[in-house]
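K.L.:
Under this note's numbering, think of the first position of the sequence shown as 65, with each following residue one higher. Each residue gets a CB set at the ideal place from its N, CA and C atoms; glycine is no exception. If you're wondering where the values come from, they're calculated on a predicted model, not measured in any experiment. Sharing a structure with you now.
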Amino acid sequence: MSVHQKLYEGKAKILYTTDDPEVLLTHFKDDATAFNAQKRGQIVGKGEMNCAIATQLFKLLEAAGIPTHFIDRPAPNEMLVKSVRILLVEVVVRNIAAGSLCQQTGLPVGKVLPTPLVEFYFKNDALGDPLLTRDRLLLLELATPEQLDQLTEQALQINKILTAFFDQCGITLVDFKLEFGVTSTQQLLLADEISPDTCRLWNQAETDPDRRVMDKDRFRRDLGNVESAYQQVLERVLATNTATNG
Ligand code: TMP
Ligand code: ASP
65 MSVHQKLYEG KAKILYTTDD PEVLLTHFKD DATAFNAQKR GQIVGKGEMN CAIATQLFKL
125 LEAAGIPTHF IDRPAPNEML VKSVRILLVE VVVRNIAAGS LCQQTGLPVG KVLPTPLVEF
185 YFKNDALGDP LLTRDRLLLL ELATPEQLDQ LTEQALQINK ILTAFFDQCG ITLVDFKLEF
245 GVTSTQQLLL ADEISPDTCR LWNQAETDPD RRVMDKDRFR RDLGNVESAY QQVLERVLAT
305 NTATNG
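Here it is in structure tokens:
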């Protein structure tokens with residue numbers, strides 16, 4: 065499939081058109097940003113590692129009946145995806161208190177939540193991706209009420225599948241962020257990526273609060289060994305998927 069022009073460059077990925085109007089090519093970059101791009105850096109090999117991890121997770125979710133934008137991985141850091149209109153909503157699911165939930169509520173880091181929490185954030189860098197209420201989301205027409213129900217239901221289902229899978233990897237899925245898109249025929253698809261950039265992943269073999277971190281918090285908080293943490297996630301995801309699917 066031949067690649068045409070650059071459609072969009074984000075902080076971690078570049079999107080290109082292809083000769084099929086329904087298909088886009090995503091190039092995963094090594095660039096890393098945090099705190100709304102106030103902190104910038106590179107995680108060597110991240111593009112390939114995140115593309116590989118996201119591929120495995122999309123395949124796992126598709127097999128469990130979750131429709132995703134994933135089509136193929138034609139190169140180590142490239143993914144072919146279905147063209148969608150991305151909803152300007154970031155859906156965050158939390159199983160354990162961490163990050164902004166702790167900063168904004170005072171809950172202690174590591175507190176296991178009684179049930180998973182689903183939150184919506186406005187995907188708007190200029191406004192700093194603020195937390196939305198359901199009514200604000202509908203007011204801004206970021207999704208229809210039906211889509212909102214679907215987002216919540218799918219996010220919870222994805223959480224069940226990913227929590228069980230990462231558990232098999234010896235990793236606790238603390239929280240994660242999802243993005244969804246709508247096809248030309250109005251089908252809702254899971255889009256973007258699922259990777260250590262978009263999840264909090266804690267190594268179950270470690271109890272130390274810094275040593276257990278296997279995700280982008282290592283970069284955000286200058287914990288070091290970022291590349292080897294991502295590599296460890298990739299190795300465990302590949303080994304577990306092979307063990308499960310042959
Ligand atoms: P938070 O605790 O900072 O709100 O983050 C919740 C989850 O969302 C965490 O797994 C990291 C992920 N996330 C992103 O993928 N992109 C972002 O821009 C932010 C702020 C968080
Ligand atoms: N990706 C976000 C940014 O740089 C923030 C983060 O992941 O912490 O804007």
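1) Within 7 Å: the Cβ of R276 and any heavy atom of ligand 3?
2) Give me whichever residues DSSP pairs with N267 in a beta bridge.
3) Run the proximity test for K75: is its beta-carbon closer than 7 Å to any non-hydrogen atom belonging to ligand 2?
4) Taking the straight line between their C-alpha atoms, what separation do you get for E126 and L144?
5) Can you tell me which of A116, K75, L212 and E243 puts its alpha carbon nearest to the alpha carbon of F99?
6) For G111, count neighbouring C-beta atoms within 10 Å of its own C-beta (all shown protein chains included) and say buried if the count is 16 or more, exposed if not.
7) DSSP puts K77 in a beta bridge; with which residues?
8) Using DSSP with H/G/I as helix, E/B as strand and the rest coil, what is P85?
9) Since L79 and T90 are thought to touch, with beta carbons under 8 Å apart, how far apart are those beta carbons, to the nearest angstrom?
10) Three Cβ pairs or more, each shorter than 8 Å: is that satisfied between the region 277-285 and the region 251-265?
11) Are the beta-carbon atoms belonging to N159 and S259 less than 8 Å from one another?
12) Just to be sure I understand the criterion: a residue counts if its Cβ is closer than 5 Å to at least one heavy atom of ligand 2. Which residues meet that?
13) What is the rounded straight-line gap between the Cα of A128 and the Cα of I225?
14) Given this structure, state the Cα-to-Cα distance separating A293 from V108, to the nearest angstrom.
15) For G245 versus R149, is the C-beta spacing smaller than 8 Å?
16) According to DSSP, what are the bridge partners of D136?
17) Quick one: what's Q106 bridged to in DSSP?
18) Could you pull the DSSP bridge partners for G245 from this structure?
19) Using 8 Å as the threshold, is the C-beta distance between L242 and A269 below it?
20) Of all the options Q102, C166 and D261, which has the alpha carbon lying nearest to the alpha carbon of Q295?
21) Tell me, to the nearest whole angstrom, how far the beta carbon of Q120 is from that of V301; I am working on the premise that it is less than 8 Å.
22) Can you determine whether any heavy atom of ligand 1 sits closer than 7 Å to the C-beta of G163, and answer yes or no?
23) Is any heavy atom in ligand 1 found nearer than 7 Å to the beta carbon of K241?
P.N.:
Reading off the structure:
1) By its list of ligands, the structure shown excludes ligand 3, since it contains just ligand 1 and ligand 2.
2) The count along the sequence shown starts at 1 and reaches residue 267 at position 203. N267 pairs with I235.
3) Here residue 75 refers to the residue found at position 11 of the sequence shown. Flag set: Cβ of K75 near ligand 2.
4) Position 62 of the sequence shown, counting from 1, holds the residue named residue 126. Position 80 of the sequence shown, counting from 1, holds the residue named residue 144. So the two alpha carbons sit approximately 15 Å from each other.
5) For the purposes of this step, residue 99 is identified with residue 35 of the sequence shown, where counting begins at 1. The shortest Cα separation from F99 among A116, K75, L212 and E243 belongs to K75.
6) Here the question's residue 111 lines up with position 47 in the sequence shown. Answer is buried; the Cβ neighbour count reaches 16.
7) The sequence position of residue 77 within the sequence shown is 13, counting from 1. Paired residue(s): F92.
8) The sequence position of residue 85 within the sequence shown is 21, counting from 1. Reduced to three states, the DSSP call for P85 is coil.
9) Here residue 79 is taken as the residue at index 15 of the sequence shown, counted from 1. Here residue 90 is taken as the residue at index 26 of the sequence shown, counted from 1. That belief holds up - the Cβ atoms of L79 and T90 are roughly 6 Å apart, short of 8 Å.
10) yes
11) By 1-based counting over the sequence shown, the position of residue 159 is 95. By 1-based counting over the sequence shown, the position of residue 259 is 195. It is not a contact, given that the beta carbons lie outside the stated cut-off.
12) T97, A98, N100 and A101
13) Stepping through the sequence shown from its first residue, residue 128 is reached at position 64. Stepping through the sequence shown from its first residue, residue 225 is reached at position 161. Taking the straight line from one Cα to the other gives about 8 Å.
14) As a working note, residue 293 is residue 229 in the sequence shown. As a working note, residue 108 is residue 44 in the sequence shown. Answer to the nearest angstrom: the Cα atoms are 12 Å apart.
15) By one-based count along the sequence shown, residue 245 stands at place 181. By one-based count along the sequence shown, residue 149 stands at place 85. Result yes, Cβ atoms of G245 and R149 sit closer than 8 Å.
16) Translated into positions along the sequence shown, residue 136 becomes position 72. Its beta-bridge partners are L144.
17) As a first step, residue 106 must be located in the sequence shown, where it is residue number 42. DSSP output for Q106 lists D95 as bridge partner(s).
18) One-based indexing of the sequence shown puts residue 245 at position 181. Partner(s): I150 and L253.
19) Along the sequence shown, one-based indexing puts residue 242 at 178. Along the sequence shown, one-based indexing puts residue 269 at 205. Contact: no.
20) Against the sequence shown, residue 295 aligns to sequence position 231. Comparing Cα positions, the closest option is D261.
21) On the sequence shown, residue 120 is found 56 positions in, with the first residue counted as 1. On the sequence shown, residue 301 is found 237 positions in, with the first residue counted as 1. Right, their Cβ atoms sit about 5 Å apart.
22) Here residue 163 is taken as the residue at index 99 of the sequence shown, counted from 1. Within the cutoff, so yes.
23) Stepping through the sequence shown from its first residue, residue 241 is reached at position 177. Yes, the beta carbon of K241 sits closer than 7 Å to at least one heavy atom of ligand 1.
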